[in-house]
């Protein structure tokens with residue numbers, strides 16, 4: 099039974115850690131995209147250029163979404179909302 103509790107604890111804690119890490123990476127991707135778009139629009143207003151191709155913000159955003167989904171999935175799978183797993187009563 100101890101192995102079950104350890105697995106629950108690891109899944110729950112990993113999910114709790116992955117969710118905010120994914121949110122941070124996703125936010126970083128959004129910020130980088132905004133900066134790239136803003137600088138490209140400023141440059142195109144001066145010289146008539148088009149927007150540059152996708153930069154590293156794509157990878158930040160994609161990895162962020164993967165981590166968000168993994169964190170939520172691990173928290174749901176571990177049953178974090180139900181609380182610490184209890185041993186069933188013995189008859």
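Residue numbers (this note's numbering): 99 to 189. Even glycine gets a Cβ: it sits at the ideal position worked out from N, Cα and C.
**Prompt:** Straight-line CA distance for residue 116 to residue 177?
**Reply:** Here residue 116 refers to the residue found at position 18 of the chain shown. Here residue 177 refers to the residue found at position 79 of the chain shown. Separation of residue 116 and residue 177 (C-alpha to C-alpha, rounded to the nearest whole angstrom) is 16 Å.
**Asked** Under a Cβ-count criterion, where at least 16 other Cβ atoms within 10 Å of its own Cβ denotes burial, should residue 160 be classed as buried or exposed?
**Response** Residue mapping note: residue 160 aligns to position 62 of the chain shown, counting from 1. Residue 160 comes out exposed.
**Request:** For the alpha helix (DSSP H) holding residue 169, just list the boundary residues, first then last.
**Result:** In the chain shown, the residue the question calls residue 169 occupies position 71. Note, residue 169: alpha helix (DSSP H), 155-176.
**Prompt:** residue 124 and residue 162 look like a contact to me (Cβ under 8 Å); what is the Cβ gap, rounded to whole Å?
**Reply:** As a first step, residue 124 must be located in the chain shown, where it is residue number 26. As a first step, residue 162 must be located in the chain shown, where it is residue number 64. Yes, residue 124 and residue 162 are in contact; Cβ-Cβ is about 3 Å, under 8 Å.
**Prompt:** Ordered along the chain, which non-local residues of its own chain (more than five positions away) have a Cβ less than 7 Å from that of residue 175?
**Reply:** One-based indexing of the chain shown puts residue 175 at position 77. If we look at residue 175 and ignore the five residues flanking it on each side, its Cβ neighbours are 109.
**Asked** With distances taken between CB atoms, is the gap from residue 114 to residue 173 smaller than 8 Å?
**Response** Counted from its first residue, the chain shown places residue 114 at position 16. Counted from its first residue, the chain shown places residue 173 at position 75. The answer is yes: Cβ separation under 8 Å.
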